[in-house]
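In my numbering, the protein residues as written are 3 to 99.
Given below as structure tokens:
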């Protein structure tokens with residue numbers, strides 16, 4: 003019998019702060035270059051569809067996720083500070099009119 007059956011049902015998820023990409027208007031960096039806000043385990047089933055609607059860290063908004071190439075690697079989820087995202091959205095709305 004397999005000892006760590008839970009590993010087949012759960013995926014490690016690393017939540018990283020990508021706010022600086024927007025503040026500095028920089029292209030994205032490799033996922034493991036960003037500051038880690040937290041690591042957690044989430045149900046693996048349908049994870050890619052659930053992440054965009056999730057609030058993983060209070061005060062941050064979902065931006066993107068990176069699906070691992072193998073099941074033993076973590077998922078990376080990029081999040082942006084909510085205040086920063088709203089500020090950028092307001093600036094864009096002001097430019098339009």
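Every residue, glycine too, gets a C-beta built ideally from N, C-alpha and C.
In the displayed model, residue 49 falls within a helix according to three-state DSSP. For the 8 Å CB-CB criterion, residue 20 and residue 40 do not form a contact.
Going by beta carbons, residue 93 and residue 62 fall outside the 8 Å limit. In the structure shown, the three-state DSSP call for residue 96 is helix.
Sorting 70, 88, 96 by C-alpha distance to the C-alpha of residue 32 places 70 at the top.
In the three-state reduction of the DSSP assignment, residue 34 falls in the helix class, which pools H, G and I. Beta-bridge analysis with DSSP links residue 88 to no other residue.
Secondary structure of residue 65 (DSSP, three-state): strand.
For residue 90 against residue 36, the beta-carbon gap comes to about 18 Å, at or over 8 Å, which does not count as contact.
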